[in-house]
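Residue numbers (our numbering): 5 to 222. Positions of the beta carbon are idealized from the N, C-alpha and C atoms, including for glycine.
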Amino acid sequence: MAGGPGLRERKKLRTRRTLIETAVRMFERHGYERTTLADIAAAAEVSTRTFFSYFSGKEDVVFFDTRPRVERALGVIASRLPGEPVADLLLRVAREALRFDTEEAELVLELHPARTRLIMSVPALQARALHLLFEVQRELAGALLRAYPGELDPIEAGAAIGGFVGAVKQAVTAGRDRGDPPHLMRAAVERGIEIALYGVRSLDRPRAGGTGQAATEV
Numbered sequence: 005m006a007g008g009p010g011l012r013e014r015k016k017l018r019t020r021r022t023l024i025e026t027a028v029r030m031f032e033r034h035g036y037e038r039t040t041l042a043d044i045a046a047a048a049e050v051s052t053r054t055f056f057s058y059f060s061g062k063e064d065v066v067f068f069d070t071r072p073r074v075e076r077a078l079g080v081i082a083s084r085l086p087g088e089p090v091a092d093l094l095l096r097v098a099r100e101a102l103r104f105d106t107e108e109a110e111l112v113l114e115l116h117p118a119r120t121r122l123i124m125s126v127p128a129l130q131a132r133a134l135h136l137l138f139e140v141q142r143e144l145a146g147a148l149l150r151a152y153p154g155e156l157d158p159i160e161a162g163a164a165i166g167g168f169v170g171a172v173k174q175a176v177t178a179g180r181d182r183g184d185p186p187h188l189m190r191a192a193v194e195r196g197i198e199i200a201l202y203g204v205r206s207l208d209r210p211r212a213g214g215t216g217q218a219a220t221e222v
């Protein structure tokens, strides 16, 4: 059928979702360290080889949405419009990140409580979360710098991305600690982004000379 994934692609998406749901459920039931890749594959009724065609290890299953989100963010940054201010571009990134009209987004919301419990209780996952946070910010900052050649310097690009990502993370943490349902969690993230972008807009004001010319200048 035109406009949608083919049968083969739909089957792959179903297998991937089954692996994710099965793994998270088993991690919670039996413990992260005690659950093996073979256990997950057997419970999902696939081979271990099939598992490795989707994920490189157990940690990748827990952070299954990180890479797709990063790729979408990079795509938005690369699509910067002529003369588009930094804050406006990051707002487009945020809107793409907050899309809840996809099957993957539904899965993220469904597994959010369980994944949070796992990450907060398993040292290896805590370490991976911090590593990913650092690497994602570095990658996005590099993309932002490339999108504004001669307009931003590395410090400004890094600070803009750090404030943006930090606002999202802290808003999610605050909402999680309050026990907010998904719709309130999203509202908290939107408010956090609004606050962060208020500061980022300082990059869009004209400045005299030096590096980091205003993003509104053409």
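Local conformation of residue i per DSSP, three classes
| i | result |
| --- | --- |
| ALA128 | helix |
| GLU13 | helix |
| THR70 | helix |
| THR22 | helix |
| ALA48 | coil |
| THR120 | helix |
| LEU85 | coil |
| TYR202 | helix |
| GLU37 | coil |
| GLU63 | helix |
| GLY79 | helix |
| GLY154 | coil |
| LEU207 | helix |
| GLY216 | Bear in mind that the predicted position of GLY216 carries a pLDDT of just 44, short of 50, making it unreliable; the figure below should be weighed with that in mind. Here GLY216 sits in coil by DSSP. |
Nearest-angstrom Cα separation, counted from residue j out to residue i
| i | j | result |
| --- | --- | --- |
| ASP208 | HIS187 | 31 Å |
| LEU148 | ALA46 | 43 Å |
| ALA91 | ARG84 | 11 Å |
| ARG73 | ALA133 | 14 Å |
| GLU63 | MET189 | 24 Å |
| GLU194 | PHE55 | 35 Å |
| GLY170 | ALA164 | 10 Å |
| THR19 | GLU108 | 13 Å |
| SER206 | VAL126 | 39 Å |
| LEU136 | LYS15 | 29 Å |
| THR215 | SER60 | Reliability of the predicted coordinates at THR215 is poor, the pLDDT of 44 falling under 50, and the value obtained from them is presented with this limitation in mind. Using only the alpha carbons, I get a separation of about 41 Å. |
| GLN174 | ILE44 | 32 Å |
| ALA218 | GLU155 | Any reading at ALA218 must be qualified, since the residue scores a pLDDT of 39, below 50, and its modelled position is unreliable; the value itself is stated next. Each residue's alpha carbon lies about 6 Å from the other. |
| ILE24 | MET124 | 18 Å |
| VAL204 | ARG99 | 16 Å |
| GLU160 | THR39 | 43 Å |
| THR70 | ALA178 | 20 Å |
| THR22 | GLU49 | 9 Å |
| PRO153 | VAL112 | 35 Å |
| VAL28 | ALA151 | 37 Å |
| THR77 | GLY87 | The residue asked about is misnamed: residue 77 is Ala in this sequence, not Thr. Rounded to the nearest angstrom, the two C-alpha atoms are 19 Å apart. |
Residue i: first and last residue of the uninterrupted alpha helix (DSSP H) it sits in
| i | result |
| --- | --- |
| PHE56 | 52 to 56 |
| ASP92 | 90 to 101 |
| GLY167 | 158 to 182 |
Residue i beta carbon near the ligand NAP (any heavy atom closer than 7 Å)
| i | result |
| --- | --- |
| ARG38 | Looking for the ligand NAP in the displayed structure turns up nothing, as the structure carries no ligands at all. |
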